[in-house]
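J.:
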Amino acid sequence: MNIQIFAGFSHVLTEVAFALIPLLVLFMIFQFFFLKLPMRRLVDIFKGMILTFIGLALFLQGVHIGFLPTGEYMGAIMGAFRHNWVLIPIGFVLGFVATFAEPAVRILNIEVEKVSSGYIPRKVMLYTLSIGVALSIALSMARMLLGIPLWYIIIPGYLLALLMIRYSTKTFTAVAFDSGGVATGPMTVTFIMAMSVGAATVMEGRDPLLDGFGMITLVALAPILSVLTLGLLYRRSERQGDKA
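If you read the sequence shown in the UniProt record's numbering, its first letter stands for residue 1, the second for the next number, and so on.
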């Protein structure tokens with residue numbers, strides 16, 4: 001059992017090491033020439049890097065042996081259902097939960113609340129992003145079931161985003177486009193994309209390459225639209241407050 005769990009773990013360790021070593025080298029260059037931090041701080045930073053190395057390695061190994069196979073099996077089972085429309089509500093729920101648990105989303109919300117001095121609460125941002133991603137995954141499942149081409153959704157979506165930028169504030173515009181990248185994190189990509197590909201594999205008349213993929217594009221678009229919508233609501237409430 002242990003052999004199966006840690007199958008290919010050495011390759012994962014090598015990948016994580018190659019990803020972290022350049023960061024370590026760059027930090028040491030800055031430490032030697034500019035930062036000159038005390039030894040106590042250096043020890044804490046190195047401890048954090050070791051924990052990061054272990055955490056990333058274990059997470060990626062869990063993705064390979066857990067998230068990806070589970071997502072594919074679930075998608076294949078639901079795609080084979082007679083009433084496979086259940087993929088839409090299930091995709092909505094999983095999209096909400098995955099975004100709600102996404103570490104990168106949490107960090108973004110904390111930074112937004114801190115920089116805006118509480119003007120944009122972290123809970124508001126968290127629910128805004130979670131609902132936006134949930135709707136995008138539900139839409140992606142519906143697109144796969146109906147065979148709708150991806151560009152039918154992507155082009156109008158980005159045109160709508162450009163139009164909303166015109167009426168939104170610069171603050172929400174900047175946060176919105178960062179949110180699009182943050183929401184496509186490891187929780188969403190590793191599990192829900194695997195489920196989408198697994199469902200497209202077993203559905204008659206669907207190509208996993210054409211219908212299974214493309215979901216992450218919608219996930220990247222959804223937070224942009226949802227945060228811009230939040231910005232418009234904030235702007236409207238401010239105008240109503242000024243009038244009052």
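Glycine is no exception: its CB is placed at the ideal position from the N, C-alpha and C atoms.
Please read these numbers as outputs of a predicted model, since none were measured by experiment.
So what does DSSP say about S196, is it helix, strand or coil?
T.: Residue mapping note: residue 196 aligns to position 196 of the sequence shown, counting from 1. Helix, per DSSP.
J.: Give every residue of the same chain whose Cβ lies closer than 8 Å to the Cβ of W85, excluding the five residues on either side of it in the sequence, and list them in chain order.
T.: Position 85 of the sequence shown, counted from the first residue, corresponds to residue 85. The answer, listed in chain order, is L145.
J.: Closest to L129 by C-alpha separation, out of S117, L56, T14 and F172, would be which residue?
T.: The count along the sequence shown starts at 1 and reaches residue 129 at position 129. Per the Cα distances, F172.
J.: Just verifying my parser: in three-state terms, what is the DSSP assignment at S117?
T.: Position 117 of the sequence shown, counting from 1, holds the residue named residue 117. DSSP places S117 in coil when its eight states are reduced to three.
J.: Short check: CB of L20 to CB of F59, under 8 Å?
T.: By 1-based counting over the sequence shown, the position of residue 20 is 20. By 1-based counting over the sequence shown, the position of residue 59 is 59. Not closer than 8 Å, so no.
J.: Determine whether the beta carbon atoms of L221 and G181 lie at a separation below 8 Å.
T.: The sequence position of residue 221 within the sequence shown is 221, counting from 1. The sequence position of residue 181 within the sequence shown is 181, counting from 1. No, these two residues do not count as a Cβ contact at 8 Å.
J.: From M74 to F33, what does the alpha carbon distance come to, in whole angstroms?
T.: Position 74 of the sequence shown, counted from the first residue, corresponds to residue 74. Position 33 of the sequence shown, counted from the first residue, corresponds to residue 33. Roughly 52 Å between the two C-alpha positions.
J.: For the region 76–148, list the alpha helix (DSSP H) runs that are entirely contained and at least 4 residues long, ordered along the chain.
T.: 87–100, 103–115 and 122–146
J.: In whole angstroms, give me the CA-to-CA distance for P121 and R106.
T.: Position 121 of the sequence shown, counted from the start, is the residue given in the question as residue 121. Position 106 of the sequence shown, counted from the start, is the residue given in the question as residue 106. Taking the straight line from one Cα to the other gives about 12 Å.
J.: What residue range does the alpha helix (DSSP H) around L225 cover?
T.: In the sequence shown, counting from the first residue as 1, residue 225 sits at position 225. M215 to K243 is the extent of the alpha helix (DSSP H) around L225.
J.: Touch check for the region 37–47 and the region 62–76: three-plus C-beta pairs under 8 Å?
T.: no
J.: Hey, could you find the ends of the alpha helix (DSSP H) R206 is sitting in?
T.: On the sequence shown, residue 206 is found 206 positions in, with the first residue counted as 1. That residue, R206, is in no alpha helix (DSSP H); it is neither H nor E in DSSP.
J.: Taking the CB atoms as reference points, tell me whether L139 and L218 lie closer together than 8 Å.
T.: Within the sequence shown, numbered from 1, the residue matching residue 139 stands at position 139. Within the sequence shown, numbered from 1, the residue matching residue 218 stands at position 218. Result yes, Cβ atoms of L139 and L218 sit closer than 8 Å.
J.: What does a CB cutoff of less than 8 Å around I216 pick up in its chain, not counting 5 residues either side in sequence?
T.: Within the sequence shown, numbered from 1, the residue matching residue 216 stands at position 216. Hits under 8 Å: T184, T188, V189 and M193.
J.: If you draw a straight line from the alpha carbon of G241 to that of K114, how long is it in whole angstroms?
T.: Translated into the one-based positions of the sequence shown, residue 241 becomes position 241. Translated into the one-based positions of the sequence shown, residue 114 becomes position 114. Whole-angstrom Cα-Cα distance: 24 Å.
J.: In angstroms, rounded to a whole number, what distance separates the CA positions of N2 and G66?
T.: Residue numbering aside, residue 2 sits at position 2 when the sequence shown is read from its first letter. Residue numbering aside, residue 66 sits at position 66 when the sequence shown is read from its first letter. Here the model assigns N2 a pLDDT of 47, short of 50, so the residue's position is not dependable and the matter cannot be decided.
J.: What would DSSP say about P186, mapped onto helix, strand or coil?
T.: Residue numbering aside, residue 186 sits at position 186 when the sequence shown is read from its first letter. Helix at P186.
J.: Using C-beta distances below 8 Å, list every residue in its chain close to F177, excluding the 5 sequence neighbours before and after it, in chain order.
T.: Working through the sequence shown from its first residue, we reach residue 177 at position 177. Residues of the same chain with a CB within less than 8 Å of the CB of F177, apart from the 5 flanking positions on each side, are I224 in chain order.
J.: Just tell me which of A200, P186 and L228 has its CA closest to the CA of L56.
T.: The residue labelled residue 56 in the question sits at position 56 within the sequence shown. With distances taken between Cα atoms, L56 lies closest to P186.
J.: Compare the Cα-Cα distances from I147 to each of F92, V175, L68 and G214 and report the closest residue.
T.: By 1-based counting over the sequence shown, the position of residue 147 is 147. Per the sequence shown, the amino acid found at residue 147 is Gly instead of Ile. Nearest option by C-alpha distance: G214.
J.: Where V43 and L13 are concerned, what is the direct C-alpha to C-alpha distance, given to the nearest angstrom?
T.: As a working mapping, residue 43 is identified with position 43 in the sequence shown. As a working mapping, residue 13 is identified with position 13 in the sequence shown. Their Cα atoms are separated by approximately 22 Å.
J.: Compare the C-alpha of H64 against each of F191, G198, L233 and K243 and name the closest.
T.: Sequence index remark: in the sequence shown, residue 64 carries index 64 (1-based). Per the Cα distances, F191.
J.: Going by DSSP, what residue range makes up the alpha helix (DSSP H) through L13?
T.: Reading the sequence shown from its first residue, position 13 is the one you call residue 13. F9 to F30 is the span of the alpha helix (DSSP H), which, as asked, contains L13.
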